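The sequence shown runs 1 to 204 under full-length UniProt numbering.
Notes follow once the structure below has been shown.
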Amino acid sequence: MFRRRTTTEPAPAESTESTPRPTTPAKGPRGKGSPGKGRPTPKRRDAERARRQRIAAPRDRREAARLARQRARAERAKIQQALITGDERYLPPRDKGPVRRFCRDFVDSRRTLGEYLLPFFLVIFLAMMIPVPQVQLVAYYLWLTAIIIVPVELFILGRRLKRELRARFPNESHRGAVLYGVMRATQIRRLRLPKPQVAPGDTI
Numbered sequence: 001m002f003r004r005r006t007t008t009e010p011a012p013a014e015s016t017e018s019t020p021r022p023t024t025p026a027k028g029p030r031g032k033g034s035p036g037k038g039r040p041t042p043k044r045r046d047a048e049r050a051r052r053q054r055i056a057a058p059r060d061r062r063e064a065a066r067l068a069r070q071r072a073r074a075e076r077a078k079i080q081q082a083l084i085t086g087d088e089r090y091l092p093p094r095d096k097g098p099v100r101r102f103c104r105d106f107v108d109s110r111r112t113l114g115e116y117l118l119p120f121f122l123v124i125f126l127a128m129m130i131p132v133p134q135v136q137l138v139a140y141y142l143w144l145t146a147i148i149i150v151p152v153e154l155f156i157l158g159r160r161l162k163r164e165l166r167a168r169f170p171n172e173s174h175r176g177a178v179l180y181g182v183m184r185a186t187q188i189r190r191l192r193l194p195k196p197q198v199a200p201g202d203t204i
């Protein structure tokens with residue numbers, strides 16, 4: 001039979017000292033020359049203002065309706081201000097664009113009989129109420145003259161405007177632009193919206 005091994009190899013002794021682990025140096029405070037996030041840190045006052053301006057989610061239907069009314073009121077205020085200053089950003093769609101702006105300037109840069117048509121008709125109406133046949137007859141002929149001359153003038157104005165649009169904006173759509181300018185020519189100058197940005201006689 002095989003002889004049994006009498007000597008046993010000693011087991012490797014465990015190390016009493018643990019192997020030191022490399023430590024990661026702690027990050028110190030960032031110096032003044034260290035690069036930041038790429039943008040300045042907002043001030044606390046600005047951050048508070050931005051937070052207050054955020055629209056909170058409505059709690060119920062009544063709150064949602066109130067917020068909708070506030071937004072609609074703000075939009076109307078912007079549009080009203082744009083109609084006075086001519087700011088293209090907030091103008092209604094029918095008034096936006098370089099073509100519509102040129103139509104307004106083209107009409108506003110000249111005097112037309114059409115802009116006096118409404119007050120003229122008011123005077124004629126009052127004159128025809130006077131119970132004097134001669135006055136009524138004169139008022140009638142003036143009214144007849146106006147309804148003949150003013151359409152002819154507006155027709156000529158529309159033809160000139162159409163020719164200018166084709167020459168200056170060959171690649172833009174002119175749909176409705178001539179009618180837009182002609183209708184503006186029949187309005188009293190002070191009541192036109194957007195407000196005139198040029199004076200009569202200005203070159204555009």
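Cβ atoms here follow ideal geometry from the backbone N, Cα and C, with glycine treated the same way.
Keep in mind the model is a prediction, meaning the values are calculated, not measured.
message: I'd like to know if the stretch 101-108 and the stretch 170-183 are in contact, where contact means that at least 3 CB-CB pairs between them fall below 8 Å.
response: yes
- prompt: Are the beta-carbon atoms of Pro200 and Ser109 separated by less than 8 Å?
  reply: yes
task: Please work out which residues of its chain come closer than 7 Å, Cβ to Cβ, to Glu88, disregarding the five sequence neighbours upstream and downstream, and give them in chain order.
output: Lys96
- prompt: Would Thr145 be called buried (16 or more neighbouring beta carbons within 10 Å of its own) or exposed?
  reply: exposed
- prompt: When the Cβ atoms of the stretch 108-125 are set against those of the stretch 74-92, are three or more pairs found closer than 8 Å?
  reply: no
Distance between beta carbons of Gln187 and Glu115, contact taken as under 8 Å: 6 Å
message: Please return the same chain residues whose Cβ sits closer than 7 Å to the Cβ of Thr112, not counting the five positions on each side in sequence.
response: Glu153, Leu157 and Ala185
field: Leu117 versus Ala167 - alpha carbon distance
entry: 30 Å
task: Compare the beta carbon distance of Leu161 and Phe106 with 8 Å and say whether it is the shorter of the two.
output: yes
- prompt: How would you label Ala139, buried or exposed, when you count the other beta carbons within 10 angstroms and need 16 or more for buried?
  reply: buried
task: Could you confirm whether any beta carbon from chain C is found closer than 8 Å to the beta carbon of Arg159?
output: This model lacks chain C altogether; it includes just one protein chain.
- prompt: Which residue spans inside the stretch 147-196 form an unbroken alpha helix (DSSP H) run of at least 4?
  reply: 177-185
message: Given a cut-off of 8 Å on the beta-carbon distance, is the pair Ile79 and Pro92 in contact?
response: yes
task: Pull up the distance between the alpha-carbon of Arg189 and that of Lys195, whole angstroms please.
output: 8 Å
- prompt: When the distance is taken between beta carbons, is Leu191 closer than 8 Å to Ala177?
  reply: no
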